[in-house]
Amino acid sequence: MTREPEAVYQSPPANHALFRKIYVWELPVRFYHWLNALCVVALILTGLIIGRPLAISYSSEAYQQYWFGWVRFIHFVAAFIFFFNFLARIYWGFVGNEYARWDNFIPFKGVQWREIVEVLKVDILQTKLQKLITIGHNSLAGIIYFMTFLVALFQAITGFALYSSMSASFFPRLFAWIVPLMGGDFAVRQWHHVFMWFFVLFIIVHVYLVFYHDYIEGRGTTSSMVGGWKFQREDELKRK
-9 MTREPEAVYQ SPPANHALFR KIYVWELPVR FYHWLNALCV VALILTGLII GRPLAISYSS
51 EAYQQYWFGW VRFIHFVAAF IFFFNFLARI YWGFVGNEYA RWDNFIPFKG VQWREIVEVL
111 KVDILQTKLQ KLITIGHNSL AGIIYFMTFL VALFQAITGF ALYSSMSASF FPRLFAWIVP
171 LMGGDFAVRQ WHHVFMWFFV LFIIVHVYLV FYHDYIEGRG TTSSMVGGWK FQREDELKRK
């Protein structure tokens, strides 16, 4: 992938600051993000309907009332796309640029744990005014995203386990052993439903923090997941 040269932009005269344009999110990362977002929303909405079907009745024939079948179909298709998109992201974590790699998500280094404490002081506890200078994910966001990956894997495994009892296909049957291991279909379905609410909460917090940081930092946090570029003040880069 050809990288464009970095460019320097000057903010309005009132700020008197230079900003450097940095290519952070590669196309595969952005593609994964938006495809994953669509799949998660589709899975949540259809999953809620499957878990508690709407009491809809018509006077028409049964073959004309296949709406619930379409709900299930959308859920299953979104699940397959979600899973293989997730596998592609795992692969890109090994071959992508420095901002996409797995060492950004798993805090192996002491400096990453110190950064987690600093982020908590600034964003959560608000006991420190000076914001942390990061270009990609900060260490706290990284470890939260890693936890999200684990939950996504759990949802995929339990979802395919539930699907295995109604499918003769080879792939879902690979997960059939999960059902007896977890105590039966009801237990698997309950855990699958519980962890769905993790994603509901994650979406709310994620969207809020993206717009929050975009507003207070003005570095193109939101647009970076569309075009891939972020902006960083030259003086902050020098301090870093």
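Numbering-wise (my numbering), the sequence shown opens with residue -9 and increments by one. Backbone N, C-alpha and C fix where the C-beta goes; we use that ideal spot for every residue, glycine too.
Among N94, I125, V178, L171, nearest to I134 - alpha-carbon criterion: When only C-alpha atoms are compared, the closest one is N94.
Where L8 sits in the DSSP three-state scheme: strand
L152 to W24 span [Cα, whole Å]: 26 Å
Nearest-angstrom beta carbon gap, I106 and L130 [assumed within contact, 8 Å]: 5 Å
For Y89, the three-state DSSP class (helix, strand or coil): coil
Per DSSP, cross-strand counterpart(s) of F221: K11
Identity of the residue in G217, A146, G218, Q222 nearest F185 by Cα: A146
Exposure label - G132; buried when at least 16 CB within 10 Å: buried
Residue burial classification, P162 (beta-carbon count within 10 angstroms, cutoff 16): Burial call: buried.
DSSP-derived helix/strand/coil call for N207: Just to set this straight, residue 207 is Glu in the shown sequence, not Asn. In the structure shown, E207 sits in a helix (DSSP, three-state: H, G or I).
Own chain partners of I40 with C-beta closer than 7 Å, once the 5 adjacent residues on each side are dropped: V61, R62, H65
Among E224, W167, Y22, the one whose alpha carbon lies nearest that of F73: Y22
Endpoints, the alpha helix (DSSP H) within which N26 is located: 17 to 41
DSSP-derived helix/strand/coil call for L164: coil
Supposed contact pair V19 and G126 - C-beta distance, whole angstroms, cut 8 Å: About 10 Å separates the two Cβ atoms, so there is no contact after all.
Three-state class that DSSP yields for Y153 in the structure shown: helix
Beta-carbon proximity of A90 to G83, cut-off 8 Å: yes
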